[in-house]
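Undergrad: In the UniProt record's numbering, the protein residues as written are 1 to 186.
C-beta atoms are modelled at their ideal positions from N, C-alpha and C, and glycine is treated no differently.
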Amino acid sequence: MLTRIEAQKLLETHCSEKLRFHCREAEIIMRAVAKELKQDEEKWGIAALIHDLDFEKPEVLSDFKKHAILIQDLVGKENLDSETWHAIASHNGDNNGIAKETAFDYALSASENMGGFIYAVSMIYPDRKVTSVKVKSITKRLKQLAFARNVDRQSIYDIEKAGIKLDRFVEIALQAMVSIAPEIGL
1 MLTRIEAQKL LETHCSEKLR FHCREAEIIM RAVAKELKQD EEKWGIAALI HDLDFEKPEV
61 LSDFKKHAIL IQDLVGKENL DSETWHAIAS HNGDNNGIAK ETAFDYALSA SENMGGFIYA
121 VSMIYPDRKV TSVKVKSITK RLKQLAFARN VDRQSIYDIE KAGIKLDRFV EIALQAMVSI
181 APEIGL
(Lines of atoms letter the chains of each structure in order from A and count residues from 1; the text may use other names and numbers.)
(Lines give C-alpha, C1' and ligand atoms only; values in the text may rest on other atoms or scores of the structure.)
Protein backbone atom coordinates (compact mmCIF):
# COMPACT_ATOMS: atom_id res chain seq x y z
CA MET A 1 0.00 0.00 0.00
CA LEU A 2 1.12 3.49 -0.81
CA THR A 3 2.43 5.43 2.19
CA ARG A 4 1.29 8.94 3.01
CA ILE A 5 4.76 10.31 2.26
CA GLU A 6 4.71 8.64 -1.17
CA ALA A 7 1.20 9.96 -1.80
CA GLN A 8 2.27 13.50 -0.86
CA LYS A 9 5.24 13.30 -3.27
CA LEU A 10 2.90 12.19 -6.07
CA LEU A 11 0.63 15.16 -5.34
CA GLU A 12 3.55 17.55 -5.48
CA THR A 13 4.58 16.09 -8.84
CA HIS A 14 1.17 15.92 -10.53
CA CYS A 15 -1.07 18.57 -8.94
CA SER A 16 -1.27 22.34 -8.66
CA GLU A 17 -1.22 23.96 -5.24
CA LYS A 18 -4.98 24.60 -5.34
CA LEU A 19 -5.68 20.95 -6.15
CA ARG A 20 -3.29 19.80 -3.41
CA PHE A 21 -5.24 21.91 -0.90
CA HIS A 22 -8.50 20.30 -2.09
CA CYS A 23 -6.98 16.83 -1.73
CA ARG A 24 -5.68 17.66 1.74
CA GLU A 25 -9.16 18.86 2.76
CA ALA A 26 -10.65 15.61 1.47
CA GLU A 27 -7.99 13.63 3.33
CA ILE A 28 -8.53 15.26 6.72
CA ILE A 29 -12.31 14.87 6.45
CA MET A 30 -11.96 11.27 5.31
CA ARG A 31 -9.68 10.44 8.24
CA ALA A 32 -12.29 11.88 10.62
CA VAL A 33 -15.03 9.87 8.92
CA ALA A 34 -12.94 6.69 9.14
CA LYS A 35 -12.40 7.32 12.84
CA GLU A 36 -16.14 7.84 13.37
CA LEU A 37 -16.88 4.58 11.55
CA LYS A 38 -13.99 2.72 13.21
CA GLN A 39 -12.28 2.11 9.88
CA ASP A 40 -8.63 2.32 8.79
CA GLU A 41 -7.86 6.05 9.02
CA GLU A 42 -4.57 5.76 7.15
CA LYS A 43 -6.02 3.81 4.24
CA TRP A 44 -9.09 6.03 3.91
CA GLY A 45 -7.00 9.17 4.30
CA ILE A 46 -4.52 8.18 1.60
CA ALA A 47 -7.37 7.30 -0.78
CA ALA A 48 -8.80 10.79 -0.30
CA LEU A 49 -5.39 12.41 -0.63
CA ILE A 50 -4.81 10.90 -4.08
CA HIS A 51 -8.42 10.80 -5.34
CA ASP A 52 -7.81 13.65 -7.83
CA LEU A 53 -4.18 12.85 -8.66
CA ASP A 54 -4.95 12.64 -12.39
CA PHE A 55 -7.42 15.55 -12.49
CA GLU A 56 -5.12 18.00 -14.29
CA LYS A 57 -3.65 15.50 -16.76
CA PRO A 58 -4.26 16.34 -20.45
CA GLU A 59 -5.86 12.93 -21.03
CA VAL A 60 -8.43 13.64 -18.32
CA LEU A 61 -9.02 17.24 -19.36
CA SER A 62 -9.90 16.02 -22.85
CA ASP A 63 -11.97 13.02 -21.69
CA PHE A 64 -13.39 13.23 -18.15
CA LYS A 65 -14.40 9.54 -18.24
CA LYS A 66 -10.72 8.80 -17.64
CA HIS A 67 -10.63 10.75 -14.37
CA ALA A 68 -9.83 8.49 -11.42
CA ILE A 69 -8.99 5.65 -13.82
CA LEU A 70 -5.54 6.98 -14.72
CA ILE A 71 -4.60 7.11 -11.05
CA GLN A 72 -3.65 3.44 -11.18
CA ASP A 73 -1.00 4.26 -13.79
CA LEU A 74 0.37 7.16 -11.75
CA VAL A 75 0.45 5.25 -8.46
CA GLY A 76 1.17 1.74 -9.71
CA LYS A 77 -1.49 -0.95 -9.64
CA GLU A 78 0.41 -2.88 -6.98
CA ASN A 79 0.23 0.11 -4.61
CA LEU A 80 -3.58 0.20 -4.35
CA ASP A 81 -5.71 -2.63 -3.05
CA SER A 82 -8.97 -3.30 -4.88
CA GLU A 83 -11.11 -1.65 -2.20
CA THR A 84 -9.09 1.58 -2.32
CA TRP A 85 -9.00 1.56 -6.11
CA HIS A 86 -12.79 1.11 -6.26
CA ALA A 87 -13.45 3.95 -3.80
CA ILE A 88 -11.25 6.30 -5.82
CA ALA A 89 -12.69 5.25 -9.19
CA SER A 90 -16.30 5.40 -7.99
CA HIS A 91 -16.01 9.04 -6.91
CA ASN A 92 -16.24 9.78 -10.67
CA GLY A 93 -18.83 7.07 -11.26
CA ASP A 94 -21.27 9.36 -13.04
CA ASN A 95 -18.69 9.67 -15.81
CA ASN A 96 -16.79 6.37 -15.77
CA GLY A 97 -19.63 4.00 -14.89
CA ILE A 98 -18.07 2.65 -11.68
CA ALA A 99 -20.86 2.74 -9.10
CA LYS A 100 -20.46 3.38 -5.40
CA GLU A 101 -21.11 0.21 -3.40
CA THR A 102 -19.41 0.40 -0.01
CA ALA A 103 -19.21 2.77 2.94
CA PHE A 104 -15.66 3.56 1.78
CA ASP A 105 -16.97 4.59 -1.66
CA TYR A 106 -19.74 6.81 -0.29
CA ALA A 107 -17.48 8.35 2.35
CA LEU A 108 -14.83 9.34 -0.18
CA SER A 109 -17.31 11.07 -2.48
CA ALA A 110 -19.00 12.80 0.43
CA SER A 111 -15.72 13.92 1.98
CA GLU A 112 -14.25 15.41 -1.18
CA ASN A 113 -17.46 17.27 -1.96
CA MET A 114 -17.89 18.50 1.60
CA GLY A 115 -14.34 19.86 1.61
CA GLY A 116 -15.16 22.01 -1.40
CA PHE A 117 -18.46 23.06 0.09
CA ILE A 118 -16.96 24.15 3.41
CA TYR A 119 -14.31 26.07 1.50
CA ALA A 120 -17.06 27.89 -0.44
CA VAL A 121 -18.95 28.69 2.77
CA SER A 122 -15.80 30.07 4.39
CA MET A 123 -15.28 32.41 1.42
CA ILE A 124 -18.56 34.26 2.15
CA TYR A 125 -17.47 35.16 5.69
CA PRO A 126 -15.88 38.61 6.08
CA ASP A 127 -12.61 37.13 7.36
CA ARG A 128 -12.71 34.21 4.87
CA LYS A 129 -11.67 31.82 7.64
CA VAL A 130 -13.02 28.33 8.18
CA THR A 131 -12.69 28.92 11.92
CA SER A 132 -15.58 31.41 11.64
CA VAL A 133 -17.91 28.95 9.89
CA LYS A 134 -20.75 27.43 11.91
CA VAL A 135 -22.41 24.05 11.36
CA LYS A 136 -25.77 25.81 10.99
CA SER A 137 -24.41 27.93 8.14
CA ILE A 138 -23.23 24.84 6.25
CA THR A 139 -26.55 23.01 6.62
CA LYS A 140 -28.45 26.15 5.61
CA ARG A 141 -26.29 26.66 2.51
CA LEU A 142 -26.64 23.01 1.48
CA LYS A 143 -30.33 23.73 0.87
CA GLN A 144 -29.54 26.73 -1.35
CA LEU A 145 -28.93 25.10 -4.71
CA ALA A 146 -27.62 28.29 -6.32
CA PHE A 147 -24.81 28.42 -3.75
CA ALA A 148 -21.69 26.44 -4.75
CA ARG A 149 -23.72 24.86 -7.51
CA ASN A 150 -20.81 22.75 -8.77
CA VAL A 151 -20.68 20.80 -5.52
CA ASP A 152 -22.42 17.44 -5.82
CA ARG A 153 -24.87 17.66 -2.94
CA GLN A 154 -26.20 14.16 -3.54
CA SER A 155 -22.73 12.78 -2.80
CA ILE A 156 -22.76 14.72 0.46
CA TYR A 157 -26.24 13.45 1.37
CA ASP A 158 -25.13 9.91 0.51
CA ILE A 159 -22.87 9.94 3.57
CA GLU A 160 -25.86 8.37 5.29
CA LYS A 161 -25.28 5.27 3.12
CA ALA A 162 -21.90 5.03 4.84
CA GLY A 163 -23.59 5.07 8.25
CA ILE A 164 -23.29 8.69 9.40
CA LYS A 165 -26.19 11.12 9.73
CA LEU A 166 -25.80 14.29 7.67
CA ASP A 167 -25.78 16.64 10.68
CA ARG A 168 -23.02 14.59 12.33
CA PHE A 169 -21.05 14.53 9.08
CA VAL A 170 -21.21 18.33 8.83
CA GLU A 171 -19.84 18.58 12.40
CA ILE A 172 -17.06 16.07 11.74
CA ALA A 173 -16.06 17.68 8.46
CA LEU A 174 -16.01 21.21 9.85
CA GLN A 175 -13.92 20.16 12.87
CA ALA A 176 -11.50 18.40 10.55
CA MET A 177 -11.13 21.44 8.28
CA VAL A 178 -10.61 23.75 11.25
CA SER A 179 -7.80 21.48 12.45
CA ILE A 180 -5.76 22.21 9.29
CA ALA A 181 -6.93 25.78 8.63
CA PRO A 182 -3.48 27.42 8.69
CA GLU A 183 -2.04 24.70 6.43
CA ILE A 184 -4.65 25.30 3.70
CA GLY A 185 -4.79 29.06 4.06
CA LEU A 186 -8.23 29.20 5.67
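Please determine, among Glu-36, Ser-82, Glu-27 and Ser-122, the residue with the shortest C-alpha to C-alpha distance to Leu-53.
TA: What you label residue 53 is simply residue 53 of the sequence shown in a count that begins at 1. Minimum Cα distance to Leu-53 is reached at Glu-27.
Undergrad: For the region 98 to 118 against the region 28 to 48, do three or more pairs of beta-carbon atoms, one drawn from each stretch, fall closer than 8 angstroms, so that the two count as touching?
TA: yes
Undergrad: Indicate whether Ala-48 and Val-130 have their beta-carbon atoms separated by less than 7 angstroms.
TA: Sequence index remark: in the sequence shown, residue 48 carries index 48 (1-based). Sequence index remark: in the sequence shown, residue 130 carries index 130 (1-based). Their beta carbons are not under 7 angstroms apart, which means Ala-48 does not touch Val-130 by this criterion.
Undergrad: Spell out a yes or no on whether the region 4 to 19 and the region 96 to 106 are touching, meaning 3 or more CB-CB pairs, one atom from each, closer than 8 angstroms.
TA: no
Undergrad: Going along the chain, which residues of its own chain have a beta-carbon closer than 7 angstroms to the beta-carbon of Ile-184, five neighbours each way excluded?
TA: Here residue 184 refers to the residue found at position 184 when the sequence shown is read from its first residue. These residues qualify, in order along the chain: Phe-21, Arg-24 and Glu-25.
Undergrad: I'd like the list of long-range same chain contacts for Thr-3, defined as Cβ closer than 8 angstroms, with 5 residues on each side in sequence excluded.
TA: Here the question's residue 3 lines up with position 3 in the sequence shown. Excluding positions up to five away in sequence, the list reads Ile-46.
Undergrad: How many angstroms separate the CA atom of residue 187 from the CA atom of Ser-82?
TA: Residue 187 cannot be examined here, being either before or after the span of the chain that is shown, 1 to 186.
Undergrad: Quick check on DSSP: helix, strand or coil for Tyr-119?
TA: Here residue 119 refers to the residue found at position 119 when the sequence shown is read from its first residue. In this structure, Tyr-119 counts as helix in the three-state DSSP scheme.
Undergrad: Cβ of Val-60 within 7 angstroms of Cβ of His-51?
TA: Your numbering for residue 60 matches position 60 in the sequence shown. Your numbering for residue 51 matches position 51 in the sequence shown. Not a contact, by the Cβ cut-off of 7 angstroms.
Undergrad: Let me check understanding here. Comparing Cα to Cα, which of Lys-38, Lys-134, Ala-148 and Gln-39 lies closest to Glu-171?
TA: In the sequence shown, residue 171 corresponds to position 171, counting from 1. Checking every option, the nearest Cα to that of Glu-171 belongs to Lys-134.
Undergrad: Does DSSP put Thr-102 in a helix, a strand or coil?
TA: What you label residue 102 is simply residue 102 of the sequence shown in a count that begins at 1. Three-state result, Thr-102: coil.
Undergrad: Mind reading off the beta-carbon distance from Ile-138 to Ile-159? Whole number of angstroms is fine, and I expect it under 8 angstroms.
TA: Position 138 of the sequence shown, counted from the first residue, corresponds to residue 138. Position 159 of the sequence shown, counted from the first residue, corresponds to residue 159. Actually they do not touch by this definition, with Cβ atoms about 13 angstroms apart.
Undergrad: From residue 194 to Asp-94, what distance separates their C-alpha atoms?
TA: Nothing can be reported for residue 194, as the shown portion of the chain is limited to 1 through 186.
Undergrad: Only counting runs of 4 or more residues, tell me where the alpha helix (DSSP H) segments fall wholly within the UniProt domain "HD" (22 to 98), in order along the chain.
TA: 41 to 50, 58 to 62, 71 to 75, 82 to 90 and 93 to 96
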